[in-house]
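In what follows, a structure is listed as structure tokens, so that the remarks can point back to it.
Residue numbers (the numbering used here), protein chains in the order written: chain U, 1 to 371; chain Y, 372 to 742.
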């Protein structure tokens with residue numbers, strides 16, 4: 001049996017799939033139409049939970065019946081994806097969403113009809129299954145492409161292998177797409193916090209300067225917008241090890257957005273916020289006021305365009321930015337300045353300014369953070 | 372001193388920069404115009420060396436003079452980039468190409484002129500410097516974003532840390548952008564060959580099935596078109612450890628192109644082929660004939676379009692495909708079939724068909740490889 005999948009999740013999620021199917025069989029036995037209720041993954045069914053401070057999915061559902069022309073195909077596809085995931089779980093293997101598509105694609109006997117015509121049909125059905133049985137895609141043994149890396153004061157086991165994240169050279173630990181507890185276990189952690197930076201190029205500066213050692217921390221990056229594996233890992237580091245999560249991003253609307261996804265979750269994946277969002281994450285920079293505070297030169301300025309302005313206003317209008325006066329001031333200042341700044345522009349001061357001066361300053365001055 | 376940069380390269384490349392500069396100073400001392408000869412990185416100056424079987428840069432150069440209006444700025448920029456790289460080398464640090472841009476951007480005293488207006492000005496100058504002093508970008512301490520990973524029967528040291536690539540869980544070793552011998556050293560290798568696959572999603576199947584263990588090998592991927600770090604690592608594994616390199620790619624023009632870059636190098640980076648190309652690499656699949664050979668179903672077929680046809684014909688016209696009858700037959704068959712296939716489509720047979728049947732078959736039947 002491959003070492004990547006452990007029997008511990010098997011009963012839980014496999015059981016949910018079995019329950020889903022046996023309910024349909026039961027209905028059929030009572031001569032009722034075989035049908036499924038699938039929660040709706042639409043914008044109108046996503047809402048911000050002010051108490052939990054995360055984006056959640058509402059209760060609206062959509063009925064899929066076997067004997068209705070409009071839903072018969074999606075009913076069949078949902079059960080097919082469920083059977084495919086069950087097969088992956090039973091065999092202790094994982095697959096990409098594209099591989100799931102290939103695994104389940106075939107001609108329906110006696111017809112020229114395909115189960116799926118292309119991957120754009122199987123991807124949403126997989127998300128339907130996730131919400132219907134309340135399981136993460138990763139628990140269904142399906143993964144996305146991975147990006148992002150980690151280095152620092154933590155020892156973990158990955159599929160049984162011990163990984164000491166203080167001894168990984170310059171490459172670091174490549175954060176896999178599936179980081180569920182049955183694969184990744186935290187063994188020993190000396191870190192006091194997690195510093196998450198936007199990109200691999202910035203992260204490398206922190207690795208070279210051994211920032212994680214001098215500040216006793218973990219440093220992660222997500223290759224831009226962090227993929228599910230990175231978000232889930234941040235969630236686990238925060239919730240299981242009580243590590244605060246500090247986020248260092250570019251001073252632009254894209255940076256604001258990445259922060260809001262790490263903190264509250266996204267609208268698209270609203271149903272996963274509660275297993276991925278870190279509402280206590282803090283934004284430590286780059287802030288517009290840093291331009292004056294750190295006497296940066298004009299060389300760091302990147303003029304904003306209409307798209308940036310539009311995006312910034314959209315972000316301010318999100319319910320989860322509502323009432324956050326500091327954020328409103330922050331974004332207004334960026335718009336008034338008329339320029340944005342990247343973390344990498346700290347190089348205009350000196351090669352290691354970001355690790356030796358900027359972040360240490362920010363760690364000391366909590367009043368400069370944004371919530 | 373950071374552990375990522377060792378003093379061993381310092382004299383070599385730093386010395387080349389010093390030589391470049393002292394020659395200019397010497398010319399000035401003799402009252403000659405300060406000038407530089409920069410090899411031309413154009414298509415017309417790239418050629419295929421049939422003996423070495425790699426793409427090389429020709430001997431054409433371009434003169435950059437300080438006292439000529441048309442070249443004064445690029446002369447200044449070239450020396451500026453040289454001084455920035457010297458500074459990185461001296462401080463034992465590395466930077467991304469974007470960071471180099473920020474590091475060197477400033478106003479020229481007494482003018483409103485900037486040294487670089489944006490990164491599109493500094494990137495080509497950096498490549499100019501590489502060819503002028505005959506040093507890899509990585510030797511100049513400048514890196515690109517990294518992608519790609521490795522797992523298997525090898526133990527290496529990365530910046531002093533020992534990395535056992537048989538014990539890295541599901542994430543594997545993230546291949547860094549800089550893999551020069553002063554950072555990455557091969558300690559012990561039990562592998563008989565390297566299997567390079569196109570994408571991370573395919574690579575993960577080989578990791579889960581522990582293919583590297585049952586076949587005593589190393590398995591790498593390059594996240595699509597392999598970045599410089601991955602190509603350089605394949606080169607080193609092949610040339611220093613005598614490991615054959617077998618390549619598994621999609622059956623489409625993009626796959627053919629990736630293979631040709633791994634094997635002969637690319638036109639854009641012609642000057643680096645001799646430190647990155649692996650002319651003895653073998654293409655083990657996916658081949659068009661595999662459709663019949665492995666009784667694949669129609670579900671694997673992806674119809675080719677005009678772009679695919681055009682690209683396939685371009686590739687056949689490359690001098691390095693000239694006279695390769697087997698490749699001509701191969702590409703002609705794909706065009707005649709009218710469809711392409713992805714490695715991931717092997718899932719239509721079974722989850723582990725690719726690792727348990729397809730690749731083992733290919734490893735046994737060398738007559739099915741393409742050179």
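C-beta: ideal position from N, C-alpha, C; glycine also.
Source: prediction; values computed, not measured.
Along chain U, which residues have their Cβ under 7 angstroms away from the Cβ of residue i?
{"i": "residue 520 of chain Y", "result": "174"}
{"i": "residue 469 of chain Y", "result": "201, 344"}
{"i": "residue 724 of chain Y", "result": "The contacting residues do not exist; residue 724 of chain Y stays about 10 angstroms from chain U at best."}
According to DSSP, is residue i part of a helix, a strand, or is it coil?
{"i": "residue 268 of chain U", "result": "coil"}
{"i": "residue 529 of chain Y", "result": "strand"}
{"i": "residue 391 of chain Y", "result": "helix"}
{"i": "residue 477 of chain Y", "result": "coil"}
{"i": "residue 66 of chain U", "result": "coil"}
{"i": "residue 421 of chain Y", "result": "coil"}
{"i": "residue 263 of chain U", "result": "helix"}
{"i": "residue 4 of chain U", "result": "Because residue 4 of chain U sits at a pLDDT of 42, beneath the cut-off of 50, its placement in the model cannot be relied upon, and the point is left open."}
{"i": "residue 224 of chain U", "result": "coil"}
{"i": "residue 169 of chain U", "result": "coil"}
{"i": "residue 511 of chain Y", "result": "helix"}
{"i": "residue 299 of chain U", "result": "helix"}
{"i": "residue 176 of chain U", "result": "coil"}
{"i": "residue 431 of chain Y", "result": "coil"}
{"i": "residue 35 of chain U", "result": "strand"}
{"i": "residue 722 of chain Y", "result": "coil"}
{"i": "residue 45 of chain U", "result": "helix"}
{"i": "residue 493 of chain Y", "result": "helix"}
{"i": "residue 654 of chain Y", "result": "strand"}
{"i": "residue 517 of chain Y", "result": "coil"}
{"i": "residue 321 of chain U", "result": "helix"}
{"i": "residue 25 of chain U", "result": "helix"}
{"i": "residue 469 of chain Y", "result": "helix"}
Could you give the first and the last residue of the continuous alpha helix (DSSP H) run that contains residue i?
{"i": "residue 731 of chain Y", "result": "730–735"}
{"i": "residue 599 of chain Y", "result": "599–612"}
{"i": "residue 291 of chain U", "result": "290–293"}
{"i": "residue 346 of chain U", "result": "Element bounds for residue 346 of chain U: n/a, residue is neither H nor E."}
{"i": "residue 87 of chain U", "result": "72–91"}
{"i": "residue 200 of chain U", "result": "200–208"}
{"i": "residue 645 of chain Y", "result": "644–647"}
Which same chain residues, not among the five before or five after residue i, have their C-beta less than 6 angstroms away from its C-beta?
{"i": "residue 341 of chain U", "result": "251, 286, 300"}
{"i": "residue 331 of chain U", "result": "312, 316"}
{"i": "residue 723 of chain Y", "result": "580"}
{"i": "residue 642 of chain Y", "result": "428, 502"}
{"i": "residue 708 of chain Y", "result": "659"}
Using the beta-carbon of each residue, which ones in chain Y are nearer than 8 angstroms to residue i?
{"i": "residue 137 of chain U", "result": "Chain Y residues near residue 137 of chain U: none, gap ~14 angstroms exceeds 8 angstroms."}
{"i": "residue 348 of chain U", "result": "473, 474, 476, 477"}
Whose Cβ in chain U lies nearer than 9 angstroms to the Cβ of residue i?
{"i": "residue 464 of chain Y", "result": "205, 208, 209, 351, 352"}
{"i": "residue 503 of chain Y", "result": "Within 9 angstroms Cβ-Cβ: nothing; residue 503 of chain Y doesn't reach chain U, min ~23 angstroms."}
{"i": "residue 447 of chain Y", "result": "Going along chain U, no residue has its Cβ under 9 angstroms from residue 447 of chain Y, so there is no contact; the nearest lies around 16 angstroms."}
Could you spell out where the beta strand (DSSP E) holding residue i opens and where it closes?
{"i": "residue 316 of chain U", "result": "No beta strand (DSSP E) holds residue 316 of chain U; the alpha helix (DSSP H) holding it covers 306–317."}
{"i": "residue 708 of chain Y", "result": "Premise fails: residue 708 of chain Y lies in the alpha helix (DSSP H), 696–708, not in any beta strand (DSSP E)."}
{"i": "residue 150 of chain U", "result": "149–152"}
{"i": "residue 213 of chain U", "result": "No beta strand (DSSP E) holds residue 213 of chain U; the alpha helix (DSSP H) holding it covers 211–214."}
{"i": "residue 555 of chain Y", "result": "555–560"}
{"i": "residue 13 of chain U", "result": "Segment: none, residue 13 of chain U is in no beta strand (DSSP E) and carries neither H nor E."}
Residues in the same chain with beta-carbon distance under 8 angstroms from residue i, minus the five sequence neighbours each way, listed in chain order, please.
{"i": "residue 9 of chain U", "result": "Because residue 9 of chain U carries a pLDDT of 49, less than 50, the predicted location of this residue cannot be relied on, and no value is offered for it."}
{"i": "residue 142 of chain U", "result": "85, 88, 94, 95, 96, 97, 100, 126"}
Give the residues of chain Y in contact with residue i, contact being defined as C-beta atoms less than 7 angstroms apart.
{"i": "residue 171 of chain U", "result": "529, 544, 545, 546, 547"}
{"i": "residue 145 of chain U", "result": "571, 572"}
{"i": "residue 276 of chain U", "result": "What residue 276 of chain U touches in chain Y: nothing, since even the nearest Cβ is about 19 angstroms away."}
Please compile the residues from chain Y whose C-beta is within a distance smaller than 9 angstroms of the C-beta of residue i.
{"i": "residue 163 of chain U", "result": "538, 539, 540, 542"}
Does any heavy atom of the ligand FMN sit closer than 7 angstroms to the C-beta of residue i?
{"i": "residue 667 of chain Y", "result": "Although the ligand FMN was asked about, the structure shown includes no ligands whatsoever."}
Between residue i and the rest of its own chain, which residues show a CB-CB distance below 7 angstroms, the 5 nearest in sequence each way excluded?
{"i": "residue 624 of chain Y", "result": "679, 682, 683, 686"}
{"i": "residue 7 of chain U", "result": "A caution first: residue 7 of chain U carries a pLDDT of 41, below 50, which makes its placement in the model too unreliable to give a value."}
{"i": "residue 259 of chain U", "result": "247, 249, 283"}
Compile a chain-ordered list of the residues in the region 471–490 of chain Y whose CB is closer than 7 angstroms to at least one CB of chain U. 473, 474, 476, 477
Please list the residues of the region 35–65 of chain U that have a C-beta atom closer than 9 angstroms to any C-beta atom in chain Y, keeping them in chain order. none
Along the region 225–254 of chain U, where does the CB come closer than 7 angstroms to a CB of chain Y? Name the residues. none
When Cβ atoms are compared, which residues of the region 295–325 of chain U fall closer than 8 angstroms to chain Y? 297, 298, 299, 300
Along the region 179–195 of chain U, what residues have a CB closer than 8 angstroms to any CB found in chain Y? 183, 184
Could you name the residues of the region 324–341 of chain U whose beta carbon sits closer than 8 angstroms to any beta carbon of chain Y, in the order they occur along the chain? none
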